[in-house]
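The structure under discussion appears below in the form of structure tokens.
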Amino acid sequence: MTLEQLQYALAVYHQLSIIKAAEASHVSQPALSMQIKKLEDEIGFTLFDRTHKPLRVTESGKVFLEKAKEVALSFKGLQGLAEELQSSESGLLKVGIIPTLAPYLLPLFVKQFNAKHPEIELHITELTTEETLSQLRNGKLDAGIIATPVSASGLIFEILFYERFFIYISEDHSLYNKENIQLDEIAGKDLWLLKEGNCFRNQINDICHLGKKTTQEKFTYESSSIASLMRIVEHQGGITFIPELATLGVSAVKENMLRDISGQKVVREISLVHSRFHYKQKIFNKLKASIIQSIPQYMLTAGKYEVVDSFIRV
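Numbers given in this note's numbering equal positions in the sequence shown, counted from 1, plus 1063.
See the structure below:
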């Protein structure tokens, strides 16, 4: 059994296609198939059901390949550790970040981070929480910045900060003249939410006890962008919720549309997540420190507030 064989098998596991796996691995299809067959002969069972279209992983194969994934990540970590020991102050850091956070957090620290650490190359991609966690496990990302807590094994979470929820309300809404708005005053039909599956929507559903209530009836708009929902509220009417960092970018003429939630007792938790096989701790520490330094100090602790679950289970 060789590491090369495990990597070829993992490529097929991820692609569910011999042809695509061969292309991704930059080898010929016969060469890849031969190495996987040698691996199967050695371990005594098949990894893939080749009679099924598309290719299907066998039950034994899934157990074996999940463990093989850990081995491959550990080896990658060992390689990276050797590089870090040689030069721990530089390198590429691939980071995933959720869309409800990226437009508001990145402008706070990226420019300063690049100026202070020109030796570090940041590659940041907007991804859902599930996509971020999946790519961390597959070694495609080094870190993620997501809303937590989430239930995900094999990953390490380092809390960065906490942010409250605010209401963004149309000037035409019946509750507009209220300084603070209670959650039970908000009708489901007036509320604009992010599309299903977004952890921010999950959290709003929870604190508002909305369940499966619909929002606007005559106009449906599914979005992963809080900024888009704010524009809808401005022009279409209604209400939406925004996280605290989003309020920092609200223009002076739109600040009158912001409202506190009466009796608010909850916050969302934002964390830096990475694989337990990671090897870039010094670079991670620099990223974490840069983010924390860019955040208002009062947001670094939950204080009297309760952390809302993200309801992500992977």
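Glycine residues also receive a C-beta, built at the ideal position from the N, C-alpha and C atoms. The model shown is predicted, which means the values in this text are computed figures rather than measured ones.
Straight across, the Cα-Cα distance linking ARG1339 with LYS1351 is about 16 Å. Here VAL1330 is buried, its C-beta having at least 16 other C-beta atoms within 10 Å. Under the DSSP definition of a beta bridge, ALA1352 lacks any partner. The residues THR1192, VAL1213 and CYS1262, in chain order, have a CB closer than 6 Å to that of ILE1375 in the same chain once the five nearest residues on each side in sequence are set aside. Taking a cut-off of 8 Å on C-beta distances, the region 1097-1113 touches the region 1121-1130, as three or more cross pairs fall below it.
The C-beta distance from GLN1078 to ALA1084 rounds to 4 Å, short enough to fall under 8 Å. Excluding five sequence positions before and after ILE1160, the CB atoms of its chain that fall closer than 8 Å to its own CB belong to LEU1168, LEU1169, ILE1187, THR1188, GLU1189, LEU1190, THR1195, GLY1207, ILE1208 and ILE1209, given in chain order. In this structure the region 1349-1369 does not touch the region 1317-1325; the number of beta carbon pairs closer than 8 Å is below three.
Only residues of its own chain outside the window of five on either side were considered, and among them LYS1157, GLY1159 and GLN1198 have a CB closer than 6 Å to the CB of LEU1204, listed in chain order. Exposure of PRO1093 is indicated by the presence of fewer than 16 other C-beta atoms within 10 angstroms of its C-beta. For PRO1306, the pairing in a beta bridge is given by DSSP as PHE1228. Between GLU1307 and the set ILE1230, GLU1226, GLU1332 and GLU1297, the nearest pair of CA atoms involves GLU1226. Between ILE1333 and LEU1223, the CB-CB gap stays under 7 Å. Residue environment for LEU1155: exposed (fewer than 16 other C-beta atoms within 10 angstroms of its C-beta). The residue among ILE1267, HIS1115, ARG1294 and LEU1102 with its C-alpha nearest the C-alpha of SER1080 is HIS1115. Excluding the 5 residues flanking it on each side, ARG1119 has same chain C-beta neighbours closer than 6 Å at ASP1112, in chain order.
In this structure SER1353 touches PHE1176 by the C-beta definition: roughly 4 Å separates them, less than 8 Å.
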